[in-house]
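Counted from 1, the sequence shown has number 128 at position 113 by the working numbering; the numbering is strictly sequential. Working notes, structure below.
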Amino acid sequence: MALTIKVLTLFPEMVRTVLGTSILGRAAQAGLVVYEVTDIRDFAVDKHRTVDDTPYGGGAGMIMMAPCVVEAVEAVRRDERAPVVLTTPQGARLDEALTLALLAEAQTAGELILVCGHYKGVDERARELVVTREVSIGDYVLSGGELPALVIADALVRRVPGVLHDEDSAATDSFTDRREGGLDCAWYTKPPVYRGLEVPEVLLSGHHAKIEEWRRDQARQRTSERRPELGRTAGTEAGRDARTTSKRTS
Ligand code: ADE
Numbered sequence: 016m017a018l019t020i021k022v023l024t025l026f027p028e029m030v031r032t033v034l035g036t037s038i039l040g041r042a043a044q045a046g047l048v049v050y051e052v053t054d055i056r057d058f059a060v061d062k063h064r065t066v067d068d069t070p071y072g073g074g075a076g077m078i079m080m081a082p083c084v085v086e087a088v089e090a091v092r093r094d095e096r097a098p099v100v101l102t103t104p105q106g107a108r109l110d111e112a113l114t115l116a117l118l119a120e121a122q123t124a125g126e127l128i129l130v131c132g133h134y135k136g137v138d139e140r141a142r143e144l145v146v147t148r149e150v151s152i153g154d155y156v157l158s159g160g161e162l163p164a165l166v167i168a169d170a171l172v173r174r175v176p177g178v179l180h181d182e183d184s185a186a187t188d189s190f191t192d193r194r195e196g197g198l199d200c201a202w203y204t205k206p207p208v209y210r211g212l213e214v215p216e217v218l219l220s221g222h223h224a225k226i227e228e229w230r231r232d233q234a235r236q237r238t239s240e241r242r243p244e245l246g247r248t249a250g251t252e253a254g255r256d257a258r259t260t261s262k263r264t265s
């Protein structure tokens with residue numbers, strides 16, 4: 016059965032547009048995922064459709080009210096096991112491992128609910144009552160939770176079996192097993208020389224084993240230079256030779 020991703024947002028059009036585009040859109044067309052976008056404002060409890068108010072105790076900024084969030088989640092949730100993710104800078108930082116954990120939970124329940132946080136924050140009681148995970152996409156503050164929710168949806172949907180085709184080449188992406196959890200290597204396409212910068216010779220050699228070795232070593236070197244905290248194998252002898260910048264024609 017297709018996985019249903021339910022997004023609760025104050026900006027449904029923004030979310031629908033992105034979910035209908037590129038690989039996210041193709042996955043839905045192929046029937047591998049279903050998207051349902053719900054306007055949180057439809058669950059406001061007063062006639063002005065108010066979704067936020069000032070914080071008790073004072074302070075700057077508006078707080079999203081608990082009732083509209085809780086009732087929106089309860090209205091769309093079909094399975095009690097469904098992960099309910101609130102996007103917030105205070106959440107666990109998204110990485111490939113968290114993406115896969117979320118996907119597994121979502122597949123068990125058949126659904127994932129993404130709640131786009133807004134304003135200064137969401138009333139703590141909404142978190143307590145319905146949120147199962149809080150997720151951040153990085154240590155910076157965005158104006159709303161829509162972009163983070165879409166980032167989570169994209170990272171997750173590309174890991175749904177059948178979504179990516181061969182041409183999407185996911186097997187050697189950064190953070191995959193083939194890249195030992197580290198970064199991907201450099202890639203080149205035509206032309207062979209551009210503004211005096213040459214494609215590394217080995218890539219034009221047609222020698223598949225050598226090319227694979229060069230790529231692996233280059234990926235390791237790149238990882239140790241740029242993201243040493245990923246803690247992967249340091250560059251080998253060949254890796255140190257693998258160029259991270261293109262050679263110039265003289
Ligand atoms: N909302 C605002 N900033 C955010 C972030 N960095 N991650 C997730 N949600 C957010």
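Note that the Cβ used here is the ideal one computed from N, Cα and C, for glycine as well.
Taking 7 Å as the cut-off, does the CB of residue i come closer than this to any heavy atom belonging to the ligand ADE?
{"i": "L113", "result": "no"}
{"i": "G270", "result": "Not covered by the structure: residue 270. The range shown for the chain is 16 to 265."}
{"i": "G76", "result": "no"}
{"i": "G153", "result": "yes"}
{"i": "P98", "result": "no"}
{"i": "G106", "result": "yes"}
{"i": "T103", "result": "yes"}
{"i": "G136", "result": "no"}
{"i": "L23", "result": "no"}
{"i": "L157", "result": "yes"}
Taking the straight line between their C-alpha atoms, what separation do you get for residue i and residue j?
{"i": "R255", "j": "T102", "result": "Residue confidence is low: R255 scores 46 on pLDDT, short of 50, so the model does not pin down where it sits. No coordinate-derived value is stated."}
{"i": "V48", "j": "G153", "result": "26 Å"}
{"i": "D68", "j": "P82", "result": "12 Å"}
{"i": "D169", "j": "I20", "result": "11 Å"}
{"i": "S80", "j": "R210", "result": "Sequence check: residue 80 is Met here, not Ser. Their Cα atoms are separated by approximately 57 Å."}
{"i": "Q122", "j": "A116", "result": "10 Å"}
{"i": "L179", "j": "I38", "result": "8 Å"}
{"i": "A45", "j": "L18", "result": "12 Å"}
{"i": "I226", "j": "Y203", "result": "12 Å"}
{"i": "E120", "j": "E244", "result": "28 Å"}
{"i": "S189", "j": "I55", "result": "35 Å"}
{"i": "S261", "j": "R93", "result": "53 Å"}
Have a look at the options and flag the residue whose alpha-carbon is nearest the alpha-carbon of residue i.
{"i": "T53", "options": "P70, V100, L25, D61", "result": "L25"}
{"i": "E86", "options": "M77, V99, G74", "result": "V99"}
{"i": "A43", "options": "V130, S239, R173", "result": "R173"}
{"i": "E111", "options": "L144, E89, D181, G197", "result": "G197"}
For residue i, list the residues DSSP reports as bridge partners.
{"i": "Y50", "result": "I20"}
{"i": "R237", "result": "BP columns for R237 are empty, so no partner."}
{"i": "K270", "result": "It is not possible to answer for residue 270, since the shown part of the chain is limited to 16 through 265."}
Cβ of residue i less than 8 Å from any chain D Cβ?
{"i": "V48", "result": "Absent from the structure is chain D; it holds one protein chain and no more."}
Kindly give me the distance between the Cβ atoms of residue i and residue j, rounded to whole angstroms, as I take these residues to be in contact under 8 Å.
{"i": "V91", "j": "V145", "result": "About 11 Å; that fails the 8 Å criterion."}
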